[in-house]
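S.K.:
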Amino acid sequence: MRENILLVGGGGHCKSVIDVIEAEDKYTIAGIIDKKELMGQKVLGYEVIGCDDDLEKLYETYKYAIVTVGQVKSNTLRVKLFHILKNIGYNLPIIKSPLAYISKHSQIDEGTVIMHQSLVNANTKIGKNCIINTKALIEHDSIIEDNCHISTGSIINGGVVVKENTFVGSSATTKEYIELSGFIKAGSVVQ
1351 MRENILLVGG
1361 GGHCKSVIDV
1371 IEAEDKYTIA
1381 GIIDKKELMG
1391 QKVLGYEVIG
1401 CDDDLEKLYE
1411 TYKYAIVTVG
1421 QVKSNTLRVK
1431 LFHILKNIGY
1441 NLPIIKSPLA
1451 YISKHSQIDE
1461 GTVIMHQSLV
1471 NANTKIGKNC
1481 IINTKALIEH
1491 DSIIEDNCHI
1501 STGSIINGGV
1511 VVKENTFVGS
1521 SATTKEYIEL
1531 SGFIKAGSVV
1541 Q
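Under my numbering, the first residue of the sequence shown carries the number 1351, and numbering increases by one thereafter.
1) Leaving aside the five residues before and after Gln-1421 along the sequence, list all residues of the same chain whose C-beta is less than 7 Å from its C-beta, in chain order.
2) Taking only the alpha-carbon atoms, compute the straight-line gap between Leu-1357 and Lys-1407 and give it to the nearest angstrom.
3) Contact criterion: CB-CB distance below 8 Å. Does Asn-1479 meet it with respect to chain C?
4) Quick check: the region 1514-1529 against the region 1483-1503, are there 3 or more CB pairs under 8 Å?
5) Is Leu-1449 helix, strand or coil by DSSP?
6) Once DSSP output is grouped into helix, strand and coil, what is the label at Ala-1380?
7) Taking only runs that begin and end inside the region 1415-1450, name each unbroken beta strand (DSSP E) of 3 or more residues, in chain order.
8) Is the CB-CB distance between Val-1512 and Ile-1493 below 8 Å?
9) Just the Cα atoms here: how many angstroms apart are Gly-1509 and Met-1351?
10) Smallest Cα separation from Ala-1415: which of Ala-1536, Asp-1402, Asp-1496?
11) Check whether the Cβ atoms of Ile-1379 and Ile-1368 lie closer than 8 Å to each other.
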C-alpha cells in the first residue's frame, strides 16, 4: 500500500514534483499545503487542503511530506519549511524519478528530490532538502551539501564540493575538484 504524502508549496516546482511522484508511483498525493487564500484551488488536479498553520493538525492523519517550494532567489522558505516539517515529526522521503540514473554507490539524504533525466554517478553524496533538477549531472566523488538547488542541465564535475545553501543556475558547468558556494548564475563556467 502506498503512503499518503503532503506537498508543501503549490507553485511551478510543485507541478514538476507531482510529475516525478506520479512517475515513481510510490506515494499517493494527499493534497497540497499553500497560502490560506488558495484553499480549495487545484494544482494539476490535487487540492490545496491547508496552509502552514494546519501542518500540526494534518500530522495526525499524514506522516509523509515533501517541500515543493522551489529555490531561485533564496532558499530561506524551503529551509524554514523543511525544519517545520521535521520538528512536527513528518517523514521527508527521497523522491527519485524513475527516469533518472542514480548510482547504487551514491548517498542521498532525506527530503531531496531527484528530477527526470538527472544523472547521479558513483561515490556522490547529496544532502538533505536538495533539488537535483531535470537533466542535471552530478559526477563521481562530488558532495552536494544540504539545501542546495542544482538547476536544469547543470554539470557538477568530479570531486566538486557544493557548499550548503548553494544555488547553481541552469546549464552552469564546473571544473572538477573545486568548491562552490552562494549563487552561481545560469550558463556560468566555474573554474
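Here a beta-carbon is modelled for each residue, glycine too, at the ideal position from N, C-alpha and C.
M.R.: Result, derived from the coordinates:
1) Numbered from 1 along the sequence shown, position 71 holds the residue referred to as residue 1421. Hits under 7 Å: Arg-1428, Ile-1481, His-1499, Phe-1517.
2) For the purposes of this step, residue 1357 is taken as the residue at position 7 of the sequence shown. For the purposes of this step, residue 1407 is taken as the residue at position 57 of the sequence shown. Straight-line Cα distance between these residues: approximately 15 Å.
3) Annotation note: the requested chain C is absent from the structure, which comprises a single protein chain.
4) yes
5) As a working mapping, residue 1449 is identified with position 99 in the sequence shown. Leu-1449 falls in the coil class under three-state DSSP.
6) Locating residue 1380 in the sequence shown gives position 30, counting from the first residue. Of the three classes helix, strand and coil, the one that applies to Ala-1380 here is strand, per DSSP.
7) none
8) Sequence index remark: in the sequence shown, residue 1512 carries index 162 (1-based). Sequence index remark: in the sequence shown, residue 1493 carries index 143 (1-based). Yes, the pair counts as a contact, with Cβ atoms nearer than the cut-off.
9) Taking the first residue of the sequence shown as 1, we reach residue 1509 at position 159. Taking the first residue of the sequence shown as 1, we reach residue 1351 at position 1. Taking the straight line joining both Cα atoms gives about 39 Å.
10) The count along the sequence shown starts at 1 and reaches residue 1415 at position 65. Nearest of Ala-1536, Asp-1402, Asp-1496 to Ala-1415, Cα basis: Asp-1402.
11) The sequence position of residue 1379 within the sequence shown is 29, counting from 1. The sequence position of residue 1368 within the sequence shown is 18, counting from 1. Contact flag set, yes.
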